[in-house]
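Asker: Input: one structure, supplied below.
Structure below.
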């Protein structure tokens, strides 16, 4: 077997065996690769599961930066993984992004067990719900057992407590067997603070740029060719070796790269090439706060070529309309939330060059939905970020009546965008989603506690400091585990049925996936608190008000319309073409 490692600063490198098979097996000196500067290589007999480390210039044992498995955690030895050994049961031709409905899922809290296998046992629920793709939060190794996953340190490996590489493959295979695609959230903009051994091997980071997490990943300084190749190779490995259908790229605005082409353009080109070779659709979804149309614009026109991006503007507008909150980045949306919601539904971005009080200047650029299909934007009422970065990790269900939750679901699932739900949202889960960690370094654990306290104190909704959860307390993670007894109880069962109905309508009615912006119209009354979304012949009317019936001019009478869905009940417009909606209610009408 060929072992390789990039260590351009090392004078000598050795491969050393670890674990049960280390006894009697001497270190294997590695030789410089004459064709690739800074690379070392060695041939040695090895099999799946054999554990090994690298030693640079006689230093401490270090895990392979490209290890697919770290059975003892980020600081332990790597293990050989033979991807060809896995017996895939279900052939899979892929599911494309157009027409998709995503479901964001955290393996560690989707079930009490917190494993791939336990989550796979619950996939039938998602197939019956009507989503098309499961979006897994990051699964790369991180210190301890439980965490969000965004402090992973080994971008090629799978967190062992979840089930390791084999567990992830079993999960993907089970999902594909039910017709569900799988998307993985990956982090290229930084590595976690604990267990990160990359700097010992080479210039993976640079002080040329800085991020909220410290030195930036080296995408444009000396040595950046190999660093780019490292993350490109990792991304392609997930899609190829684990048969994933797409990747969600965390905070791409923090990928500082002054080279041409940009790293994201290189990545999207590589993924498109892999899709052509595999003969199945693959896609990339970026999380970006730049409101920059170039993120999803084609590479040939100077864009980065990502296939979609999260749209926080839609979330912020919907959130302020539902809750009335106005702190922080909600301030601009809260001034006229229904107008903001109408603008995002018809134009994509709210901040398209407009002044952002949160940023203290103009932000974003206009997005032309005539040339950028609306499915390239993701719409959502809740995400791990928007819930988990609140002081108490409270979901919308903690403070909103069921009628407003139903209205939010209707606008997300009937929007022109690609919808996404956060796990448990479909039944109005009461379990919070709080920030939790399991750092083994006491100093780092205390630094995380202090950092979260500072963040919470900066927000008006922070509440009593005595209620703020301790990220390191195991009880914090336990509170976040979904309660699977809820979906059959009232009112959760009704909300779950509502989501199933809306998802069925999205599948059955072409108007709800029509990308033509000319077929999406919005009217509203800011004072009366109603909004009417028109998607071709389909109309979605929502009364956000909590005390008064809304008179919504639909334009057609009950004789020419039928109720496709209604909360809390079916309701048609009168002979005057006016729909009279009770407080906190929603109706979906069709011809």
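In this note's numbering, the protein residues as written are 14 to 604. Where a beta carbon is used, it is the ideal one built from N, C-alpha and C, also for glycine.
#1: If you run the structure through DSSP and keep just helix, strand and coil, what is residue 560?
#2: Under a Cβ-count criterion, where at least 16 other Cβ atoms within 10 Å of its own Cβ denotes burial, should residue 583 be classed as buried or exposed?
#3: Contact check, residue 144 vs residue 123 under 8 angstroms by CB: the rounded distance?
#4: Taking only the alpha-carbon atoms, compute the straight-line gap between residue 309 and residue 324 and give it to the nearest angstrom.
#5: Considering only the beta carbon of each residue, do residue 361 and residue 331 sit closer than 8 angstroms?
#6: Any beta carbon from chain B within less than 8 angstroms of residue 124's own beta carbon?
#7: Provide the residue(s) that pair with residue 369 in DSSP beta bridges, ordered along the chain.
#8: I'd like the list of long-range same chain contacts for residue 555, defined as Cβ closer than 7 angstroms, with 5 residues on each side in sequence excluded.
#9: For residue 365 and residue 282, I'd like the C-alpha separation in whole angstroms.
#10: Using C-beta distances below 7 angstroms, list every residue in its chain close to residue 19, excluding the 5 sequence neighbours before and after it, in chain order.
#11: Would you kindly report the start and end of the unbroken beta strand (DSSP E) that includes residue 243?
#12: Look at the alpha carbon of residue 532 and the alpha carbon of residue 553, and state the distance between them as a whole number of angstroms.
#13: For residue 201, which of 223, 245 and 456 has the nearest alpha-carbon?
#14: I'd like to know whether the C-beta atoms of residue 547 and residue 525 end up nearer to each other than 8 angstroms.
#15: Are residue 275 and residue 301 closer than 8 angstroms when you measure CB to CB?
#16: Give me the DSSP bridge partner(s) of residue 607.
#17: Around the Cβ of residue 30, are there at least 16 other Cβ atoms within 10 angstroms (buried) or fewer (exposed)?
#18: Who are the Cβ neighbours of residue 158 in its own chain at under 7 angstroms, not counting the five residues just before and after it?
#19: Alpha carbon to alpha carbon, how far is residue 128 from residue 480? Give it in angstroms, no decimals.
#20: Within 10 angstroms of its Cβ, does residue 49 collect 16 or more other Cβ (buried), or is it exposed?
#21: Along the chain, where does the alpha helix (DSSP H) containing residue 512 start, and where does it finish?
#22: Less than 8 angstroms between the C-beta atoms of residue 410 and residue 443, yes or no?
#23: Counting only the same chain and skipping the five closest in sequence on each side, list residues whose C-beta sits under 8 angstroms from that of residue 385.
#24: Rounded to a whole number of angstroms, what is the C-alpha to C-alpha distance between residue 89 and residue 199?
#25: Of all the options 465, 45 and 602, which has the alpha carbon lying nearest to the alpha carbon of residue 5?
#26: Nearest to residue 111 by CA position, among 387, 350 and 121, is which residue?
#27: To which residues of the same chain is residue 482 closer than 6 angstroms at the C-beta, ignoring the five residues directly before and after it?
#28: Out of 321, 350 and 456, point me to the one whose CA is closest to residue 335's CA.
#29: How far does the beta strand (DSSP E) with residue 534 in it reach, from first residue to last?
#30: Starting from residue 350 and walking both ways along the beta strand (DSSP E), at which residues does that stretch end?
#31: Buried or exposed: which applies to residue 501, given that a residue is buried once 16 or more other Cβ atoms fall within 10 Å of its Cβ?
#32: Between which two residues does the alpha helix (DSSP H) carrying residue 106 extend?
#33: Identify the continuous beta strand (DSSP E) that holds residue 65 and give its terminal residues.
#34: Drop a sphere of 10 angstroms on the beta-carbon of residue 321, count the other beta-carbons inside from all chains shown, and report buried for 16 or more, exposed for fewer.
#35: Pick helix, strand or coil for residue 430, following the three-state DSSP scheme.
#36: Kindly indicate which three-state DSSP category residue 331 falls into: helix, strand or coil?
Answerer: So, from the data block:
#1: For the purposes of this step, residue 560 is taken as residue 547 along the chain shown, with counting starting at 1. Residue state, collapsed to three classes: coil.
#2: One-based indexing of the chain shown puts residue 583 at position 570. Here residue 583 is exposed, its C-beta having fewer than 16 other C-beta atoms within 10 Å.
#3: Here residue 144 refers to the residue found at position 131 of the chain shown. Here residue 123 refers to the residue found at position 110 of the chain shown. Wrong, their Cβ atoms sit about 14 angstroms apart, outside the cutoff.
#4: Here residue 309 refers to the residue found at position 296 of the chain shown. Here residue 324 refers to the residue found at position 311 of the chain shown. C-alpha separation (whole angstroms): 12 angstroms.
#5: The sequence position of residue 361 within the chain shown is 348, counting from 1. The sequence position of residue 331 within the chain shown is 318, counting from 1. In this structure, residue 361 lies away from residue 331, with their beta-carbon atoms at least 8 angstroms apart.
#6: The structure shown contains no chain B; it holds only a single protein chain.
#7: Your numbering for residue 369 matches position 356 in the chain shown. Residue 369 pairs with 374.
#8: Sequence index remark: in the chain shown, residue 555 carries index 542 (1-based). Counting only Cβ-Cβ distances below 7 angstroms, and skipping sequence neighbours, we find 420, 423, 424, 543, 544 and 599.
#9: Your numbering for residue 365 matches position 352 in the chain shown. Your numbering for residue 282 matches position 269 in the chain shown. CA-to-CA, the gap between residue 365 and residue 282 works out to about 27 angstroms.
#10: Mapped onto the chain shown, residue 19 falls at position 6. Here the set comprises 51, 52, 214, 215 and 239.
#11: Here residue 243 corresponds to residue number 230 of the chain shown, with the count starting at 1. In the DSSP assignment, residue 243 falls outside any beta strand (DSSP E) and lies within the alpha helix (DSSP H) extending over 237-254.
#12: Residue mapping note: residue 532 aligns to position 519 of the chain shown, counting from 1. Residue mapping note: residue 553 aligns to position 540 of the chain shown, counting from 1. Answer to the nearest angstrom: the Cα atoms are 13 angstroms apart.
#13: Indexing the chain shown from 1 puts residue 201 at position 188. In terms of CA proximity to residue 201, 245 leads the group 223, 245 and 456.
#14: Along the chain shown, one-based indexing puts residue 547 at 534. Along the chain shown, one-based indexing puts residue 525 at 512. It is not a contact, given that the beta carbons lie outside the stated cut-off.
#15: Indexing the chain shown from 1 puts residue 275 at position 262. Indexing the chain shown from 1 puts residue 301 at position 288. Residue 301 is positioned such that its CB atom lies no closer than 8 angstroms to that of residue 275.
#16: Any question about residue 607 goes unanswered here, given that the chain covers just 14 to 604.
#17: Indexing the chain shown from 1 puts residue 30 at position 17. Residue 30 counts as buried, since at least 16 other C-beta atoms from the protein chains shown sit within 10 angstroms of its C-beta.
#18: Start at 1 with the first residue of the chain shown, and residue 158 comes out as number 145. If we look at residue 158 and ignore the five residues flanking it on each side, its Cβ neighbours are 174 and 451.
#19: Your numbering for residue 480 matches position 467 in the chain shown. Your numbering for residue 128 matches position 115 in the chain shown. Those two C-alpha atoms are separated by around 29 angstroms.
#20: As a first step, residue 49 must be located in the chain shown, where it is residue number 36. Exposed, since its Cβ has fewer than 16 Cβ neighbours within 10 Å.
#21: The residue given as residue 512 occupies position 499 in the chain shown. Its alpha helix (DSSP H) spans residues 505-521.
#22: Stepping through the chain shown from its first residue, residue 410 is reached at position 397. Stepping through the chain shown from its first residue, residue 443 is reached at position 430. Yes. Within cutoff.
#23: By 1-based counting over the chain shown, the position of residue 385 is 372. Exclusion of the five residues before and after residue 385 leaves 306, 309, 310 and 361 as the residues of its chain whose Cβ lies within less than 8 angstroms of its Cβ.
#24: Counted from its first residue, the chain shown places residue 89 at position 76. Counted from its first residue, the chain shown places residue 199 at position 186. Residue 89 and residue 199 have their alpha carbons spaced roughly 22 angstroms apart.
#25: It is not possible to answer for residue 5, since the shown part of the chain is limited to 14 through 604.
#26: Looking up residue 111 in the chain shown gives position 98. Out of 387, 350 and 121, 387 has the C-alpha closest to the C-alpha of residue 111.
#27: Numbered from its first residue, the chain shown carries residue 482 at position 469. Excluding positions up to five away in sequence, the list reads 447 and 489.
#28: Sequence index remark: in the chain shown, residue 335 carries index 322 (1-based). Checked all of 321, 350 and 456; the closest Cα to residue 335 is 350.
#29: Residue mapping note: residue 534 aligns to position 521 of the chain shown, counting from 1. Taken as a continuous stretch (DSSP letters only), the beta strand (DSSP E) holding residue 534 covers 533-538.
#30: Counting from 1 along the chain shown, the entry for residue 350 is found at position 337. Element bounds for residue 350: not the beta strand (DSSP E) but the alpha helix (DSSP H), 350-360.
#31: Residue numbering aside, residue 501 sits at position 488 when the chain shown is read from its first letter. The C-beta of residue 501 has fewer than 16 other C-beta atoms within 10 Å across all chains shown, which makes the residue exposed.
#32: Walking along the chain shown from the start, residue 106 turns up at place 93. Where residue 106 is concerned, there is no enclosing alpha helix (DSSP H), given that its DSSP letter is neither H nor E.
#33: As a first step, residue 65 is located in the chain shown; it is residue number 52 there, counting from the start. Here the beta strand (DSSP E) through residue 65 covers 64-69.
#34: As a first step, residue 321 must be located in the chain shown, where it is residue number 308. Here residue 321 is buried. Its C-beta has 16 or more other C-beta atoms within 10 Å.
#35: As a working note, residue 430 is residue 417 in the chain shown. Reduced to three states, the DSSP call for residue 430 is coil.
#36: For the purposes of this step, residue 331 is identified with residue 318 of the chain shown, where counting begins at 1. Three-state result, residue 331: helix.
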